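As structure tokens, the structure follows; a few thoughts come after it.
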Amino acid sequence: MIGADLSGKRILVTGASSGIGLATVALFARNGATVALNHLPDDGRGPAEAERLAGQGLAVTALPGDVANPGEAEAMVAEGIARLGGLDVLINNAGTSGTTAPIAFEDLDAMTEEFWGTILSTNLIGPYRCARAAAGALRASRGAIVNTASVAGLGRRGSSIAYSASKAGLINLTRSLARALAPDIRVNAVAPGLVETPWTAAWPPERKAATVERTMLARMARPEDIAETIFFLAAGAAYITGETITVDGGAM
Ligand SMILES: NC(=O)c1ccc[n+]([C@@H]2O[C@H](COP(=O)([O-])OP(=O)(O)OC[C@H]3O[C@@H](n4cnc5c(N)ncnc54)[C@H](O)[C@@H]3O)[C@@H](O)[C@H]2O)c1
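In this note's numbering, the protein residues as written are 82 to 333.
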């Protein structure tokens, strides 16, 4: 397991009440950082997980806020910065597929305007809102942003056309923000393949088995596998910006 002394570092992770986000909060906090765990306001798992980690002696605080809501996302980041006394790393991890089961790419009628709106506002504009709100604090600390994209944004079949397009957009946004915020703030992304999280728990077993079948490392990723790469990009990687690292066990 990767590690570094992050005492005094202040981290904000969005969409962190479960899965990759929660594993990322735990990894940073175990390495000495103070972490704000963002969660949807009506998601009781957020405060419960923050309390559980704080009970282990870790510096974790629950931070409610919906990144898909203009205004609310920015206010949540501002509150996080105020509580942490600044910010060293923003991790834009909140995301949605907008569906419990994958939607066939051929089924164009299944994706309504509302569906597109939810996906883009959460997965693409959400990270932009949070980055804009955090830019001042991150400039002051010469910090970093890490976005959670997906192999779906690199041409792999995702849960829907809209989801894949949102993640392709996020990979492009990563490059644009890297340019816009240089040289003070590094901006990178991870592109996970299939990860064992609440997200994929309801996916058809045969689809998961087919993915594992063509994965060199012969298993799905665990949330901790993705958290480690996020940690590397945020805590190390001093000369890397604008990049997206694929973490898919060799499936691509
Ligand atoms: N699980 C996978 O196979 C996989 C693969 C590639 C990429 N991803 C990406 O990883 C990220 C994390 O997903 P996960 O797999 O850990 O699943 P997850 O469902 O456990 O985590 C997603 C989290 O985001 C939160 N969230 C959703 N909308 C939000 C909003 N508007 N504001 C704040 N929080 C919000 C959810 O409540 C949840 O806690 C997502 O961006 C997802 O697109 C997942």
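Ideal placement from N, C-alpha and C gives every residue a C-beta, glycine not left out. Quantities reported herein were computed from a predicted structural model and do not represent experimental measurements.
Would you call F186 buried or exposed, if buried means 16 or more other Cβ atoms sit within 10 Å of its Cβ?
Position 105 of the sequence shown, counting from 1, holds the residue named residue 186. It counts as exposed.
Are three or more beta carbon pairs between the region 93 to 110 and the region 295 to 307 nearer than 8 Å?
yes
Here's the rule I'm using: 16 or more other beta-carbon atoms within 10 Å means buried, otherwise exposed. How should D188 be labelled?
As a first step, residue 188 must be located in the sequence shown, where it is residue number 107. So D188 ends up on the exposed side.
Out of curiosity, what's the CA-to-CA distance linking A272 and L144?
As a position in the sequence shown, residue 272 is number 191, starting the count at 1. As a position in the sequence shown, residue 144 is number 63, starting the count at 1. Looking at the two C-alpha atoms, the distance is approximately 25 Å.
Which of helix, strand or coil does DSSP assign to L219?
As a first step, residue 219 is located in the sequence shown; it is residue number 138 there, counting from the start. Here L219 sits in helix by DSSP.
Since I believe V116 is in contact with V141 (beta carbons under 8 Å), could you give me their beta-carbon distance rounded to a whole number of angstroms?
Here the question's residue 141 lines up with position 60 in the sequence shown. Here the question's residue 116 lines up with position 35 in the sequence shown. So it is a contact: roughly 5 Å between Cβ atoms.
With distances taken between CB atoms, is the gap from L168 to Y209 smaller than 9 Å?
On the sequence shown, position 87 is the one that residue 168 refers to. On the sequence shown, position 128 is the one that residue 209 refers to. No, the pair does not count as a contact, with Cβ atoms beyond the cut-off.
Unbroken beta strand (DSSP E) run spanning I226, endpoints:
Here residue 226 is taken as the residue at index 145 of the sequence shown, counted from 1. For I226, the enclosing beta strand (DSSP E) stretches over residues A225 to T229.
Simplified DSSP state of P128, which is helix, strand or coil
Numbered from 1 along the sequence shown, position 47 holds the residue referred to as residue 128. Three-state result, P128: helix.
Distance, Cα to Cα, A97 vs E160?
For this step, residue 97 is matched to residue 16 along the sequence shown. For this step, residue 160 is matched to residue 79 along the sequence shown. So the two alpha carbons sit approximately 16 Å from each other.
Which residue wins for smallest C-alpha separation from I92, given the options V268, F109, T199 and D86?
Residue 92 sits at position 11 when you count from the first residue of the sequence shown. For the residues V268, F109, T199 and D86, the minimum Cα distance to I92 belongs to F109.
Inter-stretch contact (C-beta, 8 Å, three-pair minimum) for the region 286 to 297 and the region 258 to 272
no
Start and end of the beta strand (DSSP E) containing R91?
As a first step, residue 91 is located in the sequence shown; it is residue number 10 there, counting from the start. That run of the beta strand (DSSP E) goes R91 to V94.
Locate the beta strand (DSSP E) running through T142, then write down its first and last residues.
Indexing the sequence shown from 1 puts residue 142 at position 61. Per DSSP, the unbroken beta strand (DSSP E) holding T142 starts and ends at V141 to P145.
Does the beta-carbon of K248, which I'm using as the reference point, lie nearer than 8 Å to any heavy atom of ligand 1?
On the sequence shown, position 167 is the one that residue 248 refers to. Correct: K248 has its Cβ closer than 8 Å to ligand 1.
Between A283 and chain D, is the shortest Cβ-Cβ distance under 9 Å, so that the two count as touching?
Chain labels in this structure do not include chain D; a single protein chain is all it has.
Which residues bound the beta strand (DSSP E) around I336?
Coverage of the chain is limited to positions 82 through 333, which leaves residue 336 absent and any answer about it impossible.
Where does T281 fall in DSSP's three states?
Residue mapping note: residue 281 aligns to position 200 of the sequence shown, counting from 1. Helix.
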